[in-house]
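Worksheet: the structure to be examined is printed underneath.
Residue numbers (this note's numbering): 48 to 178.
Structure below.
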């Protein structure tokens with residue numbers, strides 16, 4: 048029974064990773080359209096937010112690492128959390144760029160690259176989890 052429960056948890060967490068990966072797909076286009084709120088909504092909504100915004104105990108990859116004993120996932124977790132956090136930060140900064148002193152230029156390239164990197168990191172995590 049314990050193995051069945053662990054397997055169910057693992058399957059659920061892997062499914063969450065796949066959903067998170069799918070949810071990130073529109074972000075580069077949304078950034079091009081300067082739809083900052085839509086990008087931030089994706090990043091701050093489950094299951095994506097559990098990858099970077101809710102702390103270690105609720106982090107999907109930390110849960111998966113503990114369930115599977117595959118601690119390579121922790122390294123991916125840290126990199127992925129950084130990518131998502133910085134993508135959110137650049138996007139958030141764009142909301143206020145016109146009200147701040149300076150050039151008034153929005154940054155699209157940087158958060159776009161971070162979103163694409165996050166998708167690759169999720170692909171890596173899913174690969175590690177399903178070995």
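Where a beta carbon is used, it is the ideal one built from N, C-alpha and C, also for glycine. Fair warning: this is a prediction, and the values are worked out from it, not measured in the lab.
{"Item": "Using the three-state DSSP reduction, which class does residue 125 fall into: helix, strand or coil?", "Value": "helix"}
{"Item": "Let me check understanding here. Comparing Cα to Cα, which of 103, 111, 80, 166 lies closest to residue 130?", "Value": "166"}
{"Item": "What separation, rounded to the nearest whole angstrom, lies between the Cα atoms of residue 125 and residue 89?", "Value": "19 Å"}
{"Item": "Of the choices 164, 97, 143, 138, whose alpha-carbon is the least far from that of residue 72?", "Value": "164"}
{"Item": "Between the beta-carbon of residue 111 and the beta-carbon of residue 62, is there less than 9 Å?", "Value": "no"}
{"Item": "Which of helix, strand or coil does DSSP assign to residue 153?", "Value": "coil"}
{"Item": "So what does DSSP say about residue 50, is it helix, strand or coil?", "Value": "Bear in mind that the predicted position of residue 50 carries a pLDDT of just 49, short of 50, making it too unreliable to give a figure here."}
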